[in-house]
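Undergrad:
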Amino acid sequence: MPLTRKSLIDAVKKAIELGRGRNFKQSVELIVVFKGVDRKSPEIKFRDAVYLPNGLGKESKILVVADGDMLLKAKEAGVETLSADDVKALSKRAIKKLARTYDWVLVKADLMATVGRLLGPALGPRGKAPIPVPLSADIRVLIKRYRNTTRLRNKEQVWVGCRVGTEDMREEEIVDNIMAVIEHIKTKFKKPFETSTRVFIKTTMGPPIEVSM
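The sequence shown: position 127 = 216 (my numbering), numbered continuously.
1) May I have the straight-line CA-CA distance separating LEU200 from LEU152, to the nearest angstrom?
2) From ILE274 to ASP99, what does the alpha carbon distance come to, in whole angstroms?
3) Hey, ILE228 and ALA155: beta-carbon distance below 8 Å or not?
4) Give a yes or no on whether the C-beta atoms belonging to LEU160 and VAL253 are separated by under 8 Å.
5) Considering only C-alpha positions, which residue in the set ARG234, SER225, SER130 is nearest to VAL194?
6) Could you give the first and the last residue of the continuous beta strand (DSSP E) run that contains GLU272?
7) For PHE282, report the span of its beta strand (DSSP E) as first-last.
8) Could you tell me the alpha carbon to alpha carbon distance between LYS185 and VAL196, rounded to whole angstroms?
9) In the DSSP assignment, find the unbroken beta strand (DSSP E) run with LEU318 in it and report its ends.
10) Who are the near neighbours of THR203 in its chain, counting only those whose CB is closer than 8 Å to its CB and skipping five residues on each side?
11) Identify every residue that forms a DSSP beta bridge with ASP137.
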């Protein structure tokens, strides 16, 4: 049977209900398990950023490393910023803290060599490799986009997962986000989605709920 909005809404409602009672706002997470696929297959390897039409329910933390006009515009947009000299002055402890703190690190393209060398060893293992920003790009547009972007990432495993919202969002909004992620997965995973996957929804601390298909 095809994956329907109703089945997704039902699973989201149940996952949120069973996950209630925590003293913090939980994320809602999507998990897609691939069936009958080699865990090393390139079609199930993901290191992707997926824009969510209704956002994550809480803004991602963004750091911009730039200079000149791009640095000024990033500051005006209200995100944390560093210059290349600031990055060079960071201690190893400060770099590790930075890697824990920020969801996305956007770097002016001509600074990537320096920033990648200094921050890459801490960001890479966390799946947060610096993202180059073309010199002609409007950093304000990219900041707005990445504030509402989720990270779809896995290693050598037969499933992939990501955040798709928070428990206080409307179920319909979360489902719109889920569909955006699933459509992205389908661009790489060429087998029939409904018969080759199992889909689960869960909150941060709640049990996974399988979506009926």
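Even glycine gets a Cβ: it sits at the ideal position worked out from N, Cα and C. Please read these numbers as outputs of a predicted model, since none were measured by experiment.
TA: Taking the definition as stated:
1) Taking the first residue of the sequence shown as 1, we reach residue 200 at position 111. Taking the first residue of the sequence shown as 1, we reach residue 152 at position 63. Cα-Cα distance, rounded: 14 Å.
2) Start at 1 with the first residue of the sequence shown, and residue 274 comes out as number 185. Start at 1 with the first residue of the sequence shown, and residue 99 comes out as number 10. Using only the alpha carbons, I get a separation of about 22 Å.
3) The residue labelled residue 228 in the question sits at position 139 within the sequence shown. The residue labelled residue 155 in the question sits at position 66 within the sequence shown. A contact, by the Cβ cut-off of 8 Å.
4) The sequence position of residue 160 within the sequence shown is 71, counting from 1. The sequence position of residue 253 within the sequence shown is 164, counting from 1. Not in contact: LEU160 and VAL253 (Cβ atoms no closer than 8 Å).
5) Along the sequence shown, one-based indexing puts residue 194 at 105. Nearest option by C-alpha distance: ARG234.
6) To locate residue 272, count along the sequence shown from 1; it is residue 183. Premise fails: GLU272 lies in the alpha helix (DSSP H), 260–277, not in any beta strand (DSSP E).
7) Walking along the sequence shown from the start, residue 282 turns up at place 193. No beta strand (DSSP E) contains PHE282, which is instead part of the alpha helix (DSSP H) from 282–285.
8) On the sequence shown, residue 185 is found 96 positions in, with the first residue counted as 1. On the sequence shown, residue 196 is found 107 positions in, with the first residue counted as 1. Rounded to the nearest angstrom, the two C-alpha atoms are 17 Å apart.
9) Because the chain in this structure spans residues 90 to 302, residue 318 falls outside the shown range and cannot be described.
10) One-based indexing of the sequence shown puts residue 203 at position 114. ALA173, VAL176, LYS177, listed in sequence order.
11) The sequence position of residue 137 within the sequence shown is 48, counting from 1. In the DSSP output, where bridge partners are listed per residue, ASP137 has LEU241.
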